Each structure stands twice: as structure tokens, then as C-alpha cells.
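In our numbering, the protein residues as written are 3 to 1020.
This report refers to the structure that appears directly beneath it.
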RNA sequence: GGGCGGAUGGCGAAACUGGCAGACGCGCUGGACUCAAAAUCCAGUGAUGGCAACAUCGUGAGGGUUCGACCCCCUCUCCGCCCACCA
């Protein structure tokens, strides 16, 4: 008898033992295969360990412990991502040095983490703020600088006018400063940048080589935002299209001949280059738009002045310069908030006096500046195709610009699809929609030899215009002669179908025309037509509800309602010169190729991903190790001078009034000599963002104390890549991408041994406060793990956090379930009173284990032991599989089921209890160690072998068959597993419970699923 | 607006490939032990009807496919997270 379960005593005892004996150390020289488990190292905030840290750390702890037991040399390290804003803000408030704040916080975190019993290798603890660590962060920066990946550029940054400080994107929440809540502005400032975009394609493509959750891959791909497209050069003409009127509306356009613009061009560079992914819509371009940041209207904007400087020459060309300048000023004043709050109403101003020449057809189109075009994506200019782009459509509607449809939607009539082996005829057709203004009904035809209801349909004869053709058809088919043409409903729609009456496949390019009946005048219809169909007037509702023989119906109805916008999908080209008739994808290829051949364009790949703004105007970050020399410009510090440490500071940690880092105030530190020429120089005062230290920390764990290299190459080779990295979804697009980028760079310069740092990436769900809201200090709903550990014990907390719900989904904390987890462990504790020395017969035979004293064996006891062993081995399988799939909740529940069964049967063999303790140990390591010791084992259960299920226990000679009648369960029976289908049928039909449902009738059908069920259909 | 995920008892949730819906835990009800309480143990616990055996209904709403649907398809509602004019 071992007394009560007392977690306080045993948890402290085992934590001390583990540490003393180095049970969880990874061994660089181990013969075993390595396994590298990684969690995101915590930011040591003043609030202490979050309950959510415990959930994700426990999950990886379970994996790490299982791997260790499976014979791997496991690296499961821990450290501190300690540079960052909250610490600095706390320092600003209290005047305590951030280093000291960090020390206190990490001490607290370390104590808390150790108290949960995580199997971290504490000998490898790292801290990003340790000069011995950030020496290498700075070193990596210098390597990037050498390779041209680090550069300075003027960037629009988020500026808080109240705090007078530049903010990172993540510090701006809904357009407001995270700290003071004031609205932020955009301001231009020189910043250090890292050229992550040079790695965009590899970061994108190499996702195929790693095992990340699909949603993580999708999010990264979307963030990188690769799109293949074409740049097109639109030469600028100063003249208002001398030879032709302004660009034409659909229906009345004349054929375009390429126009010679040589004499009008001033320089070779005088063109607007646009980027498009839809080169197939080039003929539909009716204007060109440049972003407010585009060089055509803006050369530079400095943060010291509101002046917009554009060359005189350019101003002179733009006739309405005053108006344009006003718009640019307006745009600049708008905050992010305004831009989105307006419901994204599009605004813009035409650049009078400028026309852009569409290189594909020589057509001159007007040029606009509008802020719906982004200055920093693509080329900062777009060709606007309102018919095929929602944004251009909205802008065109607002400013009354022409919409020219050049891509026909392409439909296949599902009711009459084209047939193989028939000839195909393509022609232009019309649908005439004739409305009777008196009742709003439409004129339709009901066909006599086919089950069709159609509008008035017909072909367009050579030389005929569509309106004429439609009026002719209406007259011929219905006799109505007085029609008023209202409008053409959008552009043509192409449909493919089989025309049964002509036995041929048709491709119809159909225009829909709306008419109104002027009066009822109706001529007699010729016999031939009258024999084919009769007329019918249908309301819109009737048309919707009736099966109309009209593949295009949805388009026509939407256009009638005026709900029609841009058609943005692919289709078939029309009114596009030599490219008409091609599919969108063919046309993109051919048009791009032609542009490229003529020197008017180029196929390119663009990314949404931007270069990484790497500067922060802060104290608590890694100093950027360069100096600015009057003679030599930007000069890198020699590597021998690393680490460049932060200076001690007297006058507070706040940034300066000009937005410079507080480092700028320390003359003795800033003023230095140039490493190259020895002349006077100033140190860079920007520091790195806190993403820097976390971009390579997984490498440092491998060799954390190395003073002469980032890590020993041999050791890196042994441990990389990380085999399993679990973290939060919120880090998918920043940290995960940044660290993949740094690792790839280090791989390229021969430092990192693998191109990808992480082999497998999974993610956890957040733990929310009760009520499903975020835990926050201000709401006072933060759960302190210390309280739970002291009230219930660390093992209970671990079990509960794994049991409470699916690991990958967010879950609200509820205190109520904790007691259940504690009870479970109490029951496990009491099992040591129920041990028997008997092993079941099967175990001894099958796995060759020694039988202990068997004098007390009785048949009954043996049966009980066997029942338990059979369930135990099923549990081993379940727990093993569930851990790999991160289904920790069902793993715990299956162990609960086992414990319930042991209690019910009243006994378990000592050997089997040992197996159970092994699978329990990753979840509740302290109690498992204590019981393992109590039943007479020496050594740690954490290093015992992970049990393998004995297959002999898993197979059963009988199966339970469910009997359904019409899909509803009515009975079940046990039957030998090898029973035939006929046996099952007979048995099922024989059931007394089933018979009443059959009511003496013969079953219509009987479905037998071997090993599972019989379903009788009556 | 787009992407991803979710909705099942009083509550957290199971149901792995379309085959017994609600495992496991909490809570609740009744009982045992106790002078009493706590703890523990035993039994019950989706809803409705019935003394009961049992029957009917039931996985956000509505349709569909299927012998059979929490699961697949279509439409919709609500919730969460991420992105948000990316041409």
C-alpha cells in the first residue's frame, strides 16, 4: 500500500531526478537515429506562462517522449524569444533595464515550465537577447548585406503622430496605433530591407517538398501570391488621338489599324508599363490607370514636406495638373481607415492631354490616376478592362467610361450536349426578348416537334446587323411587326449544343436584344413557321419556373435585372482581331507571345509578397552592425567586432521626437570610426525586429554554446531538419516564412545543411477564456497555471489540456473538467492495489514473457486477466495512432475506458500494468514514474521501450452483425467471423425482432456488408 | 469581398473509409457508506409518449444522391480565424 496520490511530492521528486540524471538530454554522439521536436520558443512576458503554451508544449512533449521510448535520440529544446515591445514598454514605464525585466521573466517562465514536467533538454537553453546569441543574428545580417539581400530603401511606414514613432504593421490594429489608439498615417522613411522576394519562387515551390498541414501551405502560397502574367507597354501620346475620335463604344467600333506614333514619342522610355494576368482581355482595354505613387504623376514625396515634386515637363503635359495635384494630396491625407471605410468607392482623375496607345491595336485610350491601383504591386499601373474586371467596372460605371466585352462566357448546354462525330457549325445568333409593356410578359415560342420553350431565336445573316436580324426573326416567326428596340443585353454569350432538328453540333454566339411591343399589329405567319411552333406570353416568374430551352437564360435574367457586372471568368474571345475565337488561356499565351515578339511586352511572374522591412526605431533589439561613413557610405562592421552590444542608457528608453531609435541619443555610442578608412562615422541606430532572432533559433539549439561558429556543421548535419514543428496558425505568414527564408539563405552560403528547415509543421488551436473570448489581463480572465498545478497537480493539468477537445481547434477554457482528469489519475493510482502476478496465457505464449508465481490461478481470474489484456493491447494501438495524428483527446479517453474496465474486472497483471504505465507516461509522466518505481522497476519509465501491441489480442473469432430494416437498426447478433453472406442473411431473416417489420412480405432486396451488417429492404 | 475552419445532449465532446448517433469526461438524479458532510463507490441520464417491454422523433435550416447520410452533392443561416482594391 503506497498511500494517497500526492502530486506535490511525486512531481517535485521526479522533476529533480530527471534533471539530475539528464534523462532528456540529446546526445550529439548517440548511435541512435535523431528526432528533432520543436515548439515555438516563448516570448517571456511579465504575465507568465499562458495556459495555451501548456497545451501546445504538452502535445509536442508527448511526441518527444514517445519517440524517446521508440529508440530515438530526441532533441526537444527550449529558449526565449526575448527581444520585443512589451518588455521595452515596461522599461519605458518603470525605468528598469529591459535586460533585468527579461531576466525576471525568464526565471519565472523557467520555473513554471519545469513545474509542468516538460522533457526539454535544459542544457541547450538559449536567449535571443544574449550577446553570445545575437552575435550570430548580426553575423547572418552581414552575410545578407554582402550578398546584396540587405539594402536601404525609402519606404512608406506606419507613423503614429501621437507617439511620434514608426510602427510595424503588426503594431497597427484597424488603422490605429496599438499603444495609444490614435489613427496612424503613412510616412516615408529610410528603412533596412531584406530581399525575401528574391526567394519568393523557392519559398512557394519548395512547399511541395515538405509535410505541412494543407491549410498552412495554402496560407503561405496565398501570402506569397504568385501570379503569372504579362507586362504591356502603352506608349504615351501627347495628343488627343489625332486620327480618330475618342475610344468607341461597343457595337459601333471600326476596325483598328496599328497607328504610327513615332513622331509623337519623346523618348523611348515614354510609355506606361502595366501588369496584367489577363492578356486575353487586352482588346477590351478602354483606359489606363496609374497609381498615385506612379512616376508619371509623382517623382518623390519626402517626409519633411507636403510638396509633390513632378518635373515641369510632365506638369506641362498634363493639362489639368492642378486638379491632379489636388487629388494626389487628397489621397495622401487619407489614412488606411478612410480608404476602406468609404466602402471602397473608387475615385480618380483623368490626366488630360495624355493618351496611351494600346500596342495590340494602336488604339488611343485615356489615362487616369486612381488610388484603387496600388503603387507597390506589379508596375503600379493597370490596363483597365471594365467588361472583365470588377474594379475597373465599378470605376467605369462611376466615370461613365465605355465597357467593351471581348470575352464571351462559354456554356455547354447540359440538356443537349454536343455529340461525338457530328459536324460543328458556328454562327452568330440572336435571342429577341420582346416585352409587352402592358403586362410585362415576354413573347416565347412553344415548339411542336420538340419539347422546347424558347425566346424568339434565329441566325444573323451575312451583312445583317443584330437588331435587324432580331426584328426580322420576330416578324417571321410571330408576325409582330411594330417593335421598339430598347437595348442589347450585354455582350455575346457562346454556347455549344446539339441541334437535333439539323443533326449537327452548333456553336452559337448569341446576342440578346430587348424589345418592347409598340402595338398588337400582327401579320399572318407563313404556314411553314406556324407549323413549327405556337406563341406564348410568359411573365418573368413563369420563365424562371419553366424549363426554358435556353442555356444563356441566367445571363439574360441577370442583365434584365441590371445585376450584371463584369464577366471575370475565362471564355472565348470575340472582337479581338486575329485572336477572336480562341479560348482565354490560348489567347493569353498567343497575345503575350506576340507582344513579346514586337517588344511591347513580356511574360513575367509577380508576387504579392513584399520585401521585409527590417528596421525598428527601438532600443530593445539587435543593433544593426553597420556604420555610416562620410567617405565610404554604409560600411559593415568587421565580423571580429561582433557582437555589437547595446549601450547602457541613462535617459529612458523612449524613441526620439524625430522617430529615431533611442540609440541615436547616445553620442558616445553613435560616434565611432569607420572600419575602412578610419575617419569619423556614425553607427546605425535602427535595431532589428524581433522576428530576427526567431528566424534561425532552431539551428542554435543544435550547438548553443559554440563561440566560433553559428553551429558546428557536423552537428547541424546530424540534427537538421526539424522533424516536427508545432506552432500557432498566427505565425504561418510571418515567422514561418521568415525562418524558411533565412534557412534557405544559410543553405545557399553553405551554413545550413538542408534547404528547408522544417520537415513537418502542424498547428494547435488557441485556448480562449470562458465565453470564447481572448484571455487578457485587462479583462481579468487569465488563468494562472500555477494555481492549477498547486490545486490539482501538473499531471492533471496535462491530461486535462489534452482531453478537453480536438487539439487543432480553438477551445474555451472550462475549469469544470479538471476534476475528471484528477479522478482519472486517482483511479490509476489505486490500481496498484489490484495487481496480480498472473499473466494471461496468451501473453506468456505469444510474447515469451516470464510467468511469475501461478499458484493462485483460477479459471475465472485468468479470464479476467485475459479480458483486460485484450483491451490493453487495443488501447496500445489506439494511443499510438492517436498520438501520431494529434488526437490526444481520444487517446486519453481510450485510457480512461481501460482503467474503467480494470476496475470492473478487479485485477490486472503486474506486467500489463507496466505496459499501461508506459503509454500513460507521455501524458502524465510523474505519476507514471512513481507507479513504475512502486511496482519494482528500476530506471525511468521515460526511457522504457514503447510497447508494441500483440496482434494475437486484436483479432476476434466472432463479429457482431447489425441487422437493419430499411436502414434502421432493429437487431444484432454475434457470428463467427468467417460466416458466409448466406449465413448472415439467413440469420438476419430469422431474427424475431426483425420479423414484425417484414410483415410476412418477401424482402425486395438484402444488402450484406460482410463483418458489419445486413440491411433488409421491404 | 476572398481563403480556411466550425455548428452533434444541460456542458466539453466521440463516431477513423457512407453502416448501431451521443464513446469518454463534466454536471444532474437516485442509492450505498457516514451522526452528518466531503470524498469514494453503485445505478440512471438526447427528446417525446408509455407502469413497462417498446415506439416515434433527433447531428444549424432546406433540398438531393443512396438500401442506408453527422459523413457525399447543391442552396442558405450563424460563428471563429486569416487576408482584404494584388490587376
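All C-beta atoms, glycine included, are put in the ideal place defined by N, C-alpha and C.
Everything numeric in this text was worked out from a predicted model, so none of it was measured.
Separation of residue 210 from residue 147, as counted between CA atoms | 29 Å
Pair within 8 Å by beta-carbon distance, residue 908 and residue 939 | no
Can you round the beta-carbon distance between residue 436 and residue 376 to whole angstroms, since I take them to be within the 8 Å contact cut?
-> Incorrect: roughly 46 Å between the Cβ atoms, too far for contact.
Quick check: the segment 634-648 against the segment 190-205, are there 3 or more CB pairs under 8 Å?
-> no
Mind listing, in chain order, the continuous alpha helix (DSSP H) runs of no fewer than 4 residues lying wholly within the segment 714-776?
-> 715-721 and 737-750
Nonlocal neighbours in the same chain, by C-beta distance under 6 Å from residue 668, ignoring five residues either side = 649
Determine the direct distance from the alpha carbon of residue 37 to that of residue 5, and round the result to whole angstroms.
-> 38 Å
On a CA-only basis, which of 325, 123, 457 and 505 is nearest residue 30? Give me that one, please.
-> 123
Sort out for me which residues DSSP pairs residue 350 with in a bridge.
-> 372
Should the segment 684-701 be called in touch with the segment 133-141, which here means at least 3 C-beta pairs below 8 Å?
-> yes
Does the count of Cβ pairs from the segment 764-772 and the segment 726-740 closer than 8 Å reach three?
-> yes
Inter-residue Cα distance where the pair is residue 682 and residue 662 | 20 Å
Residue 49 - containing alpha helix (DSSP H), residue span = Unbroken run through residue 49: none, as it is neither H nor E.
Starting from residue 902, follow the beta strand (DSSP E) in both directions and report where the run begins and ends.
-> Where residue 902 is concerned, there is no enclosing beta strand (DSSP E), although the alpha helix (DSSP H) it sits in stretches over 890-907.
Helix, strand or coil at residue 85 according to DSSP, with G and I counted as helix = coil
Buried versus exposed call for residue 235 [16 or more other C-beta atoms within 10 Å across all chains shown] = buried
Do residue 801 and residue 53 come within 8 Å of each other at the CB atom, strictly closer than that value?
-> no
With DSSP run on the structure shown, which of helix, strand or coil describes residue 67?
-> helix
Where does residue 503 land, buried or exposed, given buried means 16+ other C-beta within 10 angstroms?
-> exposed
Run the CB neighbour count on residue 468, radius 10 Å, all protein chains shown included, and call it buried at 16 or more, exposed below.
-> buried
Of the residues 942, 389, 1009 and 983, the one placed nearest residue 15, counting alpha carbons only = 942
Is residue 299 helix, strand or coil by DSSP?
-> coil
Three or more C-beta pairs closer than 8 Å, one from the segment 200-216 and one from the segment 349-358: is that the case here?
-> no
Apart from the five residues just before and just after residue 945, which ones in its own chain have a Cβ nearer than 8 Å to its Cβ?
-> 25, 70 and 71
Where do the N-terminal and C-terminal ends of the beta strand (DSSP E) with residue 511 fall, by residue?
-> 506-519
Between residue 619 and residue 566, is the Cβ-Cβ spacing less than 8 Å?
-> no
What residue ranges within the segment 429-505 form continuous beta strand (DSSP E) runs of no fewer than 3 residues, ordered along the chain?
-> 444-449, 458-461, 485-490 and 495-501
Inter-residue spacing [alpha-carbon to alpha-carbon] between residue 531 and residue 293 = 58 Å
Report the three-state DSSP secondary structure of residue 611 (helix, strand or coil).
-> coil
Taking C-alpha atoms, which residue in 670, 676 and 95 lies nearest to residue 632?
-> 676
Between residue 113 and residue 820, what straight-line distance do the alpha-carbon atoms span, to the nearest angstrom?
-> 22 Å
CB-CB length for residue 721 against residue 51, believed under 8 Å = Contact flag wrong, Cβ pair sits at about 26 Å.
Per DSSP, residue 801 is paired with what?
-> According to DSSP, residue 801 bridges with nothing at all.
Test item: CB-CB of residue 986 and residue 1010 under 8 Å = yes
Mind the definition here: the segment 419-439 touches the segment 504-517 only if three or more C-beta pairs lie below 8 Å; say whether that holds.
-> yes
N-terminal and C-terminal residue of the alpha helix (DSSP H) that residue 791 is part of = 787-794
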